[in-house]
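Novice:
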Amino acid sequence: MPDEKKPCLSATGLTKVFGFGRQKTVAVDHVDFDFYEGEIISIVGESGSGKTTLAKMLLGLISTSEGEIYFQGKKRDLGKGIWDQWKKREYWKNIQAIFQDPYSSYNMFNKIDAVLLDCIRMRGGGKLPQAKKIAMMTEACSFVNLKYEELTNKYPFELSGGQMQRLMIARIFLLKPKILLADEPTSMIDASSRATILDMLLKLRKETGMTLIFITHDIGLAYYVSDSVYIMEHGKFVEHGTADEVILHPKEAYTQRLINDVPKIHEEWDLSTV
Amino acid sequence: MKNTLRQVFQSGKFLVGFCIFVALLLIVFLYPIFIPDPPLAILGQGTFFPPGIYVSTFDSINSQTIYTLNLPDAAARRIDTRLNDQQRQDIKDWLVLDGIPADQIDITNTAQLLDLWGKNYDPNKDIPGLTNAKRNYYQRLSVSLQGLLLTAGQIIALPNATTGALEQTGAVNQSDYVNIGQVANVRVLPLGTDNFGRDVLTELVRAAGVSLEIGFVAGIIATLIGLSLGLLGGYVGGFLDDIIMFITNLFLVIPAFVLLILISFSIGQESRGAFTIAVVIGFTSWVWTARAVRSQVISLRNRDHVNLSKLSGHSITHIIVSDILPYIASYVVMALILQISSGILAEAGLSILGLGPRTTEMPTLGLMMNWAMIYQAQILGKWWAYFPVLLTIALITFSMNLMNTGLDQLFNPALRD
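As they're listed, the protein sequences go chains Y and B. -1 is the number of the first residue of the first sequence in this note's numbering; add one for each residue after it. 12 is the number of the first residue of the second sequence in this note's numbering; add one for each residue after it.
#1: I want to verify the contact list: residues of chain Y whose CB lies under 7 Å from the CB of B/Lys321, in sequence order.
#2: If you measure from the beta carbon of Y/Tyr104 to each beta carbon in chain B, is any gap under 8 Å?
#3: Taking any Cβ of chain B, which residues in the region 142 to 159 of chain Y have a Cβ under 7 Å from it, in chain order?
#4: Under the assumption that Y/Glu37 contacts Y/Lys4 (Cβ atoms under 8 Å), give the Cβ distance between them as a whole number of angstroms.
#5: Which ranges does the alpha helix (DSSP H) cover as unbroken runs of at least 4 residues, wholly within the region 133 to 182 of chain B, from first to last along the chain?
#6: Measuring only the C-alpha atoms, how far is Y/Lys249 from Y/Ser226?
#7: Could you give the residue range of the alpha helix (DSSP H) that holds B/Met345?
#8: Quick one: is Y/Gln70 near chain B, going by C-beta distance under 8 Å?
#9: Just the Cα atoms here: how many angstroms apart are Y/Lys130 and Y/Arg119?
#10: I'd like to know if Y/Gln163 contacts chain B, where contact means its C-beta is closer than 8 Å to some C-beta of that chain.
#11: Using a Cβ cut-off of 7 Å, pull out every chain Y residue sitting near B/Ala315, in sequence order please.
#12: Check whether the region 163 to 177 of chain Y and the region 124 to 138 of chain Y are in contact - that is, three or more C-beta pairs closer than 8 Å.
#13: Check the Cβ-Cβ distances between Y/Gly11 and every residue of chain B, and say whether any is below 8 Å.
#14: Of the choices B/Asn415, B/Ile407, B/Phe422, whose alpha-carbon is the least far from that of B/Ala34?
#15: Pull up the distance between the alpha-carbon of B/Thr375 and that of B/Pro50, whole angstroms please.
#16: Below 8 Å, can you find three or more Cβ-Cβ pairs linking the region 268 to 276 of chain B to the region 243 to 256 of chain B?
#17: Out of Y/Lys176, Y/Met162, Y/Tyr146, which has the shortest C-alpha to C-alpha gap to Y/Gln70?
#18: Do the CB positions of B/Ile288 and B/Glu358 come within less than 8 Å of each other?
#19: Exposed or buried, what is Y/Pro0 when buried is set at 16 or more other beta-carbons lying within 10 Å of its beta-carbon?
#20: In the structure shown, what three-state DSSP assignment does B/Gln185 receive?
#21: Taking only beta-carbon atoms, is B/Asp334 less than 8 Å away from chain A?
#22: Does the distance from the C-beta atom of B/Ile116 to that of B/Leu108 stay below 8 Å?
#23: Any C-beta of chain Y sitting closer than 8 Å to the C-beta of B/Ser326?
#24: Which full runs of the alpha helix (DSSP H) of 4+ residues lie inside the region 62 to 127 of chain Y, going along the chain?
#25: Can you grab the Cα-Cα spacing for the pair Y/Thr50 / Y/Arg20, in whole Å?
#26: For Y/Thr23, does the three-state DSSP call read helix, strand or coil?
#27: When DSSP builds the beta bridges, which residues end up paired with Y/Met277?
#28: Would B/Pro11 count as contacting chain Y if we go by Cβ distances under 8 Å?
#29: Considering only residues of the region 138 to 225 of chain Y, which uninterrupted beta strand (DSSP E) runs meet the minimum length of 3 residues and lie entirely inside it, listed in chain order?
#30: Is it right to say B/Phe25 is buried, meaning 16 or more other beta carbons lie within 10 angstroms of its own, or is it exposed?
#31: If I'm right that Y/Asp181 touches Y/Ile213 with Cβ under 8 Å, what's the distance once you round it to whole angstroms?
#32: Just mark Y/Val272 as buried or exposed, buried being the case when its beta carbon has 16 or more other beta carbons within 10 Å.
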């Protein structure tokens, strides 16, 4: 880990409230953090703990209710309403995401090429010659062990879930953002392709040096990949620190429970306690 | 796309509706090619001629060849058409009132009946218990029975050009026949004529065409307005959505039909063409489409593929057109079909109230209903003036609703049976 840590994405008092009155739900509750450049950060929590809401706020897909987000030390300004779209577009050149469900991440009416071509256009390569674009797409596909020739002119629903998610990584490969938010990228994938996808993400991160924010409910996975771990419960960060600190020496009961919930293969299931 | 189309045509309900609709469309387009009569030409002098084949009497008498056929039951048929069982009973009733014992009258014996009638009937005789209308009826009946039992032919005579006296030019015997193919003027009126003496079928085909045009224009306008407002309000949200929903709710609480009546009344009879009516219908019926599209868009706008499109730097227009519109296209097509059929119904409703398109140019289904109603076709029992119109309206809306249900079941598997 570098000695001089530069904060890449920080937040103070970040809050998201849905609804009002009786139906008020505080999804994210006054969260503060500093994510440093080049780190792999895991945000771990149960479902409903506000991980995805936090991710969407960081991505700028939903507005914040309270608090500020700082991007590379400067206060993030995405503008308001539909007239400041370019500000968001600039921001999204730096931060990208992989979503949980590959099946719903694609527009099923567009061919796969369109997804990758969008990335090339976003990186300013919209006017490149066709051959160059195809070369770039082929490179991105081969990075994730896909063959571009097999994918071209296909629709997303003709691929398997694993292939779709790999294509998402290929997309990130083309975009090369500074920050990648991976929102449970492996939870909908069958176990056999899970490891492949994780390895590809880590390989990509090693090549580009981007900050990887990993959102997961799997604390074992967090321990396996990350530099620092944030434990989230009911919209709050209850514990954070390096992976070793948090997972090997948990202070909070909630963290302890998350760790205990990890199923162990050789242990016999005790159904009587369920 | 191809796959979806194939699925659509495998849905039984859609297919039935589609076939009915296409058949109607074919009739509307092909009929005027084969029978190019102007639909509003007044053929008949008089109202509500019943359906049937009309043979020119003049041309039959003056036909080149007259055939003689000796058919055994010809006389009996001739008598039957002029003196039916009800009339026989009426004659008996009169004779009984006049004082002839009922058991002496045999209504099946035509000769005896007519003999008694001829001897006893006198229009000036005062029979107690007869209304004036009945008295007139017996007078007419008596005239119509003259010469019923004659077996001789009739003379054809022409007035002499100088003296004016009638001169015999020929005779028609009871056993004379003409071949209908040799009669110069035969007109088939499958649905008779209406109150103005116009051929109902020709009028109906044209009216169905005009009504479909009105439905299409109204449906497309309503769908376009509803779609664009729904997409904008649903996707952009916020203040714009509030304004759009305010307008939508405003239109929603005022019954659309009342609004329609008020607007078309204020436009005035003279400037109400079919197209104007279609536009007015379109502008008053977009509300449900807007609401439905908006709610669909709201559920779509937070989907991952929309988020991904945003992250790929697409503009709002691009996202709406390529990430949201294709997902609600099936729904919009269904809404369009319903809007077309309800546009046709709305036109019919308006026209029945006398607020439809002005009546001088072209018929519509609603106008035909209106004419039939004003001239009391339903009271007079002239079913051909209104029943085929009703059937056409029912068929059009039925076929469209069937297509809609078929599509609905296809796109919404929860509704499949």
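Even glycine gets a Cβ: it sits at the ideal position worked out from N, Cα and C.
Specialist: This is what the structure holds:
#1: For the purposes of this step, residue 321 of chain B is taken as the residue at position 310 of the second sequence. In chain order: Leu59.
#2: Locating residue 104 of chain Y in the first sequence gives position 106, where the first residue counts as 1. Y/Tyr104 counts as touching chain B.
#3: none
#4: Counted from its first residue, the first sequence places residue 37 of chain Y at position 39. Counted from its first residue, the first sequence places residue 4 of chain Y at position 6. No, Y/Glu37 and Y/Lys4 are not in contact; Cβ-Cβ is about 10 Å, not under 8 Å.
#5: For the region 133 to 182 of chain B, the full-length alpha helix (DSSP H) segments reaching 4 residues or more read 143 to 155 along the chain.
#6: Translated into the one-based positions of the first sequence, residue 249 of chain Y becomes position 251. Translated into the one-based positions of the first sequence, residue 226 of chain Y becomes position 228. Using only the alpha carbons, I get a separation of about 15 Å.
#7: The residue labelled residue 345 of chain B in the question sits at position 334 within the second sequence. In the DSSP annotation of this structure, the continuous segment of the alpha helix (DSSP H) that includes B/Met345 starts and ends at 336 to 363.
#8: Position 72 of the first sequence, counting from 1, holds the residue named residue 70 of chain Y. False, the Cβ-Cβ gap to chain B never drops below 8 Å.
#9: As a first step, residue 130 of chain Y is located in the first sequence; it is residue number 132 there, counting from the start. As a first step, residue 119 of chain Y is located in the first sequence; it is residue number 121 there, counting from the start. Distance between the alpha carbons of Y/Lys130 and Y/Arg119: 12 Å.
#10: Counting from one through the first sequence, the residue named residue 163 of chain Y turns up at place 165. Judged by the 8 Å Cβ criterion, Y/Gln163 is not in contact with chain B.
#11: In the second sequence, residue 315 of chain B corresponds to position 304, counting from 1. Contrary to the premise, residue 315 of chain B reads as Asp rather than Ala in this sequence. Phe97, Asp99, Ser102, Ser103, listed in chain order.
#12: yes
#13: By 1-based counting over the first sequence, the position of residue 11 of chain Y is 13. Chain B, which has no Cβ nearer than 8 Å to the Cβ of Y/Gly11, makes this no.
#14: One-based indexing of the second sequence puts residue 34 of chain B at position 23. It is B/Ile407 whose Cα lies nearest to the Cα of B/Ala34.
#15: Locating residue 375 of chain B in the second sequence gives position 364, where the first residue counts as 1. Locating residue 50 of chain B in the second sequence gives position 39, where the first residue counts as 1. B/Thr375 and B/Pro50: Cα-Cα distance of roughly 11 Å.
#16: no
#17: The count along the first sequence starts at 1 and reaches residue 70 of chain Y at position 72. Comparing Cα-Cα distances from Y/Gln70 to each of Y/Lys176, Y/Met162, Y/Tyr146, the minimum goes to Y/Lys176.
#18: Taking the second sequence and counting its residues from 1, one reaches residue 288 of chain B at position 277. Taking the second sequence and counting its residues from 1, one reaches residue 358 of chain B at position 347. A contact, by the Cβ cut-off of 8 Å.
#19: The residue you call residue 0 of chain Y lines up with position 2 of the first sequence. In this prediction, Y/Pro0 scores a pLDDT of 48, lower than 50, which makes its location untrustworthy; the coordinate-derived value is nonetheless stated afterwards. So Y/Pro0 counts as exposed.
#20: As a first step, residue 185 of chain B is located in the second sequence; it is residue number 174 there, counting from the start. Residue state, collapsed to three classes: coil.
#21: Going by chain labels, chain A is absent from the structure shown, which instead holds the protein chains Y and B.
#22: Taking the second sequence and counting its residues from 1, the one referred to as residue 116 of chain B is at position 105. Taking the second sequence and counting its residues from 1, the one referred to as residue 108 of chain B is at position 97. The answer is no: Cβ separation not under 8 Å.
#23: Here residue 326 of chain B is taken as the residue at index 315 of the second sequence, counted from 1. Yes, contact with chain Y.
#24: 83 to 90, 100 to 103, 110 to 120
#25: Within the first sequence, numbered from 1, the residue matching residue 50 of chain Y stands at position 52. Within the first sequence, numbered from 1, the residue matching residue 20 of chain Y stands at position 22. Cα to Cα, Y/Thr50 sits roughly 23 Å from Y/Arg20.
#26: Numbered from its first residue, the first sequence carries residue 23 of chain Y at position 25. It is a strand residue.
#27: For residue 277 of chain Y there is no data in the structure shown, the boundaries of chain Y being -1 and 272.
#28: With chain B covering 12 to 428 only, the question about residue 11 of chain B has no answer from this structure.
#29: Counting only runs of at least 3 residues, the region 138 to 225 of chain Y fully encloses the following beta strand (DSSP E) elements, listed from N- to C-terminal order: 177 to 181, 209 to 214.
#30: For this step, residue 25 of chain B is matched to residue 14 along the second sequence. Under this definition B/Phe25 is a buried residue.
#31: To locate residue 181 of chain Y, count along the first sequence from 1; it is residue 183. To locate residue 213 of chain Y, count along the first sequence from 1; it is residue 215. That belief holds up - the Cβ atoms of Y/Asp181 and Y/Ile213 are roughly 5 Å apart, short of 8 Å.
#32: Stepping through the first sequence from its first residue, residue 272 of chain Y is reached at position 274. Because Y/Val272 carries a pLDDT of 45, less than 50, the predicted location of this residue cannot be relied on, and the following value inherits that uncertainty. That one is exposed.
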